[in-house]
Amino acid sequence: MRLIRSIRKDIQAVFEHDPAVRNIWEVIFAYPGFHARQFHRLAHTLWDWRIPFLPRLISHINRFLTGIEIHPGAKIGEGFFIDHGMGVVIGETSEIKDNVAVYQGVTLGGTSLQKRKRHPTLGNNVVAGAGAKLIGAITIGDNVKVGAGSVVIASVPSNATVVGVPGRVVEIRNPDTDTVEKLPDPVWERLQNLERRVAELEKSLGVSRAVDEAEISIDPSLSETTDETV
Numbered sequence: 004m005r006l007i008r009s010i011r012k013d014i015q016a017v018f019e020h021d022p023a024v025r026n027i028w029e030v031i032f033a034y035p036g037f038h039a040r041q042f043h044r045l046a047h048t049l050w051d052w053r054i055p056f057l058p059r060l061i062s063h064i065n066r067f068l069t070g071i072e073i074h075p076g077a078k079i080g081e082g083f084f085i086d087h088g089m090g091v092v093i094g095e096t097s098e099i100k101d102n103v104a105v106y107q108g109v110t111l112g113g114t115s116l117q118k119r120k121r122h123p124t125l126g127n128n129v130v131a132g133a134g135a136k137l138i139g140a141i142t143i144g145d146n147v148k149v150g151a152g153s154v155v156i157a158s159v160p161s162n163a164t165v166v167g168v169p170g171r172v173v174e175i176r177n178p179d180t181d182t183v184e185k186l187p188d189p190v191w192e193r194l195q196n197l198e199r200r201v202a203e204l205e206k207s208l209g210v211s212r213a214v215d216e217a218e219i220s221i222d223p224s225l226s227e228t229t230d231e232t233v
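Just so we're on the same page, the numbering used here is the position in the sequence shown counted from 1, plus 3.
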């Protein structure tokens, strides 16, 4: 049965992402992320059936019990994992593909008040670190890692790692060769250039000072003139 298979994949996702889990009973009775997913499964089904009020009520109960807010309209694939969970917010038009993991404080938020697509779409195998904010109708490609505390406001290509505020891609992994391409960091490069320039200036000042001292040692009158001027 499809429902049973999907629930099993949610349980399996917990074992794959959380080394602290001991057995299946912990997942079923003591994992709010798993509970939130099952509440949403029911709420989303009723939402698709266009049943009024009840889906939102179930989502509200879900939030009260787990601290996780998932709009019943959000579309979530199989193997979805929420770790710790408190403060997670997933908006109405969010779309989450299979085997996605999010941590506490993650927000999939919207940027428009119009009734249209306004929340992120997450590809397969995405990981969003604690406190990450993904805002707007953006697309996060497959196998993307979003660093903790990052604020992502633009689409991200597959196999990338994105960090920072605003989020920027710092590396892209090639799945065929299992190699990582490090991307340039303009801020780091600017700091490196400043450090290099300071070193050059210090070296230049050091040479100039050495020349002055050499001239004074050759002609002592220069030193006397300097003293008189002072």
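Don't be surprised by glycine CBs; every beta carbon is placed ideally from N, CA and C.
Put simply, the backbone Cα of R121 is about 14 Å away from that of V155. Under the 10 Å beta carbon count, S62 is surrounded by 16 or more other beta carbons and is classified as buried. Around the beta carbon of L125, 16 or more other beta carbons sit within 10 angstroms, so the residue counts as buried.
In the three-state reduction of the DSSP assignment, A133 falls in the coil class, being assigned neither a helical nor a strand state. In the DSSP assignment, G112 falls within the beta strand (DSSP E) that extends over T110 to G112. K148 has V130 and T164 as its beta-bridge partners, per DSSP.
CA-to-CA, the gap between R5 and D101 works out to about 15 Å. Between A135 and S153, the CB-CB gap stays under 8 Å.
Short of 8 Å from the beta carbon of F67, and not among the five residues preceding or following it, lies no beta carbon of its own chain.
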